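Novice:
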Amino acid sequence: MPTAAGSRQSRTRRRPALPPPPARPFSAAARTYWCSSMGSPMRLRPQSLVPPLIGEWFASSPVAGADMTVLAFSWPSDGQIAVPPHFLSGAYQADQARAGSSGAHLAWFLDEVKSLRDEAKRQNPRRRVVLLAHSMGNFALAAGVQ
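All residue numbers for the sequence shown refer to numbering that gives the first Met the number 0, where the first residue is 0 and numbers rise by one.
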């Protein structure tokens, strides 16, 4: 008879894992892969709305629910990192203000996403939309849903 730890271990082995992340890690703070995949927020192109390597990474997962379309919203930024002890530097506060000022644009973007979601739900009622805001994105999101 397997122990509790043994049965937990066997359950873990049967669960398919996500594939490894893209070869180039992404970090908005470090302005590496993620930002470069998005292009400049001032000149968004339709193809830049879906970061290709991230979409391919999700699509290659053996977990059926991980195959998804990623839509991203970005705003102008100085691209400065908050470094202690100056967490609220002038550049950070300017980025915070720009994120908040992008609320109307984000509201429009969410209306467009809602139209896409409604169409997808007509095709498959089990479809869903997951909204994720990270770090400074919460300022834009708060302004966009007011």
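Ideal placement from N, C-alpha and C gives every residue a C-beta, glycine not left out. It should be emphasised that the depicted structure is a prediction, and the values quoted were computed from it without experimental measurement.
Among E118, H104, R121 and V82, which residue has its Cα nearest to the Cα of M136?
Specialist: In the sequence shown, counting from the first residue as 1, residue 136 sits at position 137. Note that residue 136 corresponds to Gly in the displayed sequence, not to Met. Minimum Cα distance to G136 is reached at H104.
Novice: R116 lies in the alpha helix (DSSP H); which residues open and close that run?
Specialist: The sequence position of residue 116 within the sequence shown is 117, counting from 1. Taken as a continuous stretch (DSSP letters only), the alpha helix (DSSP H) holding R116 covers G102 to Q122.
Novice: Using the Cβ count rule (16 or more neighbours within 10 Å means buried), how would you classify G143?
Specialist: Start at 1 with the first residue of the sequence shown, and residue 143 comes out as number 144. So G143 ends up on the buried side.
Novice: With distance defined between alpha-carbon atoms, name the residue in W56, N123 and A71 nearest to F108.
Specialist: The count along the sequence shown starts at 1 and reaches residue 108 at position 109. It is A71 whose Cα lies nearest to the Cα of F108.
Novice: With a threshold of 6 Å on Cβ separation, who are the neighbours of R116 within its own chain once the five nearest residues in sequence on each side are excluded?
Specialist: Within the sequence shown, the letter at position 117 stands for residue 116. V128, listed in sequence order.
Novice: Check this for me: beta carbons of R97 and P61, under 9 Å apart or not?
Specialist: On the sequence shown, residue 97 is found 98 positions in, with the first residue counted as 1. On the sequence shown, residue 61 is found 62 positions in, with the first residue counted as 1. No. Outside cutoff.
Novice: Please determine, among L130, D77, Q95 and A93, the residue with the shortest C-alpha to C-alpha distance to M67.
Specialist: If you number the sequence shown from 1, residue 67 lands on position 68. Checked all of L130, D77, Q95 and A93; the closest Cα to M67 is L130.
Novice: Nearest to S73 by CA position, among E55, P84, F57 and S100, is which residue?
Specialist: As a working mapping, residue 73 is identified with position 74 in the sequence shown. With distances taken between Cα atoms, S73 lies closest to S100.
Novice: For A58, which three-state DSSP category applies?
Specialist: By 1-based counting over the sequence shown, the position of residue 58 is 59. Helix at A58.
Novice: Output the distance between the C-alpha atoms of E118 and G89, rounded to the nearest integer angstrom.
Specialist: Numbered from its first residue, the sequence shown carries residue 118 at position 119. Numbered from its first residue, the sequence shown carries residue 89 at position 90. Taking the straight line joining both Cα atoms gives about 43 Å.
Novice: Using a Cβ-Cβ cutoff of less than 7 Å, which residues in the same chain neighbour Q122 once the five nearest sequence positions on both sides are dropped?
Specialist: Your numbering for residue 122 matches position 123 in the sequence shown. Excluding residues within five positions, none has a Cβ falling inside 7 Å.
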